[in-house]
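Here the structure is laid out as structure tokens; the discussion comes afterwards.
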Ligand code: PMP
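In full-length UniProt numbering, the protein residues as written are 1 to 315.
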């Protein structure tokens with residue numbers, strides 16, 4: 001029986017966090033896709049909302065508005081549904097349809113702004129957020145995003161690592177940068193020598209060289225260097241790139257060989273973490289995260305049969 005659910009829960013929000021840590025291909029991967037609403041973002045969505053409630057910045061009857069490439073929108077829509085707020089998701093066009101459908105399923109209104117990258121959606125959400133009756137959590141700027149990762153997710157991973165093991169490296173793409181920075185801060189407290197690797201799509205290396213292009217690793221590299229990352233950039237000493245093809249191939253392999261149905265950033269993270277392990281054998285304990293589930297990419301990436309059984313002798 002699950003350790004967490006041996007008694008009645010108040011709502012689905014109680015099931016956020018406490019996800020498994022797997023050892024896979026010689027690296028450790030935190031299964032964040034298992035959170036309610038299907039991604040790591042459930043954690044910061046709930047955390048930012050509860051901070052705003054406690055500080056009186058969000059009141060009953062208000063509308064939550066947020067710019068997102070999808071997962072934070074889905075997560076906030078779930079939190080808003082449970083807590084009875086209205087939700088307006090502002091997102092670019094050109095991302096998977098499922099992300100839009102999921103927010104709508106939770107009762108949110110979706111406004112489209114811009115294409116693929118989140119820049120114009122961000123301006124629009126901040127503009128609405130300044131109006132009466134709206135509250136914008138501002139995930140790309142909010143120190144509460146970093147704080148959740150530092151005080152909740154980071155320590156959770158540290159407690160799950162095998163006895164006596166401390167993280168030597170954290171490998172992670174940058175959407176808001178909240179996970180890399182916040183979990184990185186928690187890891188650094190445990191091991192001052194831990195190395196943080198920012199993973200970027202090979203065709204859009206925004207942090208390393210200011211390059212902005214479209215790519216297939218949805219949820220990271222949204223077209224700008226987020227405020228959170230810029231404020232804490234000195235923590236991150238390393239940068240590496242993964243191509244779209246590598247990310248997608250690895251994402252498919254995760255499902256077929258490990259039974260893990262995750263999205264492209266999880267594939268990219270595993271490729272990058274394994275590369276760090278291979279190139280730096282002294283880094284024994286490499287940690288990464290599987291950030292969202294694969295069901296919202298079924299049409300886009302998983303529709304080809306795993307094995308084509310055609311033209312056999314038996315017809
Ligand atoms: N992977 C996926 C699928 C995501 O949705 C996100 C967040 N948008 C990330 C990775 C990156 O997380 P963070 O915002 O903490 O940098």
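Each residue gets a CB set at the ideal place from its N, CA and C atoms; glycine is no exception.
To the nearest angstrom, how far is the alpha carbon of residue i from that of residue j?
i: residue 62; j: residue 76; result: 13 Å
i: residue 58; j: residue 50; result: 9 Å
i: residue 73; j: residue 81; result: 12 Å
i: residue 65; j: residue 134; result: 7 Å
i: residue 260; j: residue 131; result: 42 Å
i: residue 282; j: residue 202; result: 25 Å
i: residue 297; j: residue 99; result: 9 Å
i: residue 253; j: residue 23; result: 16 Å
i: residue 16; j: residue 265; result: 20 Å
i: residue 242; j: residue 277; result: 15 Å
i: residue 270; j: residue 250; result: 8 Å
i: residue 244; j: residue 200; result: 10 Å
i: residue 47; j: residue 144; result: 7 Å
i: residue 120; j: residue 113; result: 6 Å
i: residue 85; j: residue 40; result: 21 Å
i: residue 230; j: residue 239; result: 14 Å
i: residue 331; j: residue 285; result: With the chain covering only 1 through 315, there is no way to say anything about residue 331.
i: residue 255; j: residue 262; result: 7 Å
Tell me whether residue i sits in a helix, a strand or coil according to DSSP, three-state version.
i: residue 112; result: strand
i: residue 236; result: coil
i: residue 290; result: strand
i: residue 92; result: strand
i: residue 20; result: coil
i: residue 169; result: strand
i: residue 39; result: strand
i: residue 257; result: helix
i: residue 360; result: Here the chain covers residues 1 to 315 and nothing more, so residue 360 does not appear.
i: residue 281; result: coil
i: residue 63; result: strand
i: residue 186; result: helix
i: residue 242; result: strand
i: residue 205; result: coil
i: residue 304; result: coil
i: residue 27; result: strand
i: residue 150; result: helix
i: residue 197; result: strand
i: residue 130; result: coil
So is residue i buried or exposed if we call it buried at 16+ other beta carbons inside 10 Å?
i: residue 13; result: buried
i: residue 5; result: exposed
i: residue 226; result: buried
i: residue 93; result: exposed
i: residue 209; result: exposed
i: residue 314; result: With a pLDDT of only 46 at residue 314, under 50, the local geometry of the prediction cannot be trusted, and the value read off the model is given with reservation. Exposed is the call here.
i: residue 127; result: exposed
i: residue 36; result: buried
i: residue 148; result: buried
i: residue 189; result: exposed
i: residue 267; result: buried
i: residue 67; result: buried
*asked:* Contact between the region 133 to 141 and the region 159 to 170 is defined here as three or more beta-carbon pairs at a separation below 8 Å; is this criterion met?
replied: no
*Between the region 179 to 194 and the region 148 to 157, are three or more C-beta pairs nearer than 8 Å?*
yes
*Does the region 28 to 44 touch the region 114 to 128, meaning 3 or more C-beta pairs lie closer than 8 Å?*
no
*Are the region 96 to 112 and the region 191 to 198 touching by the rule of at least three beta carbon pairs closer than 8 Å?*
no
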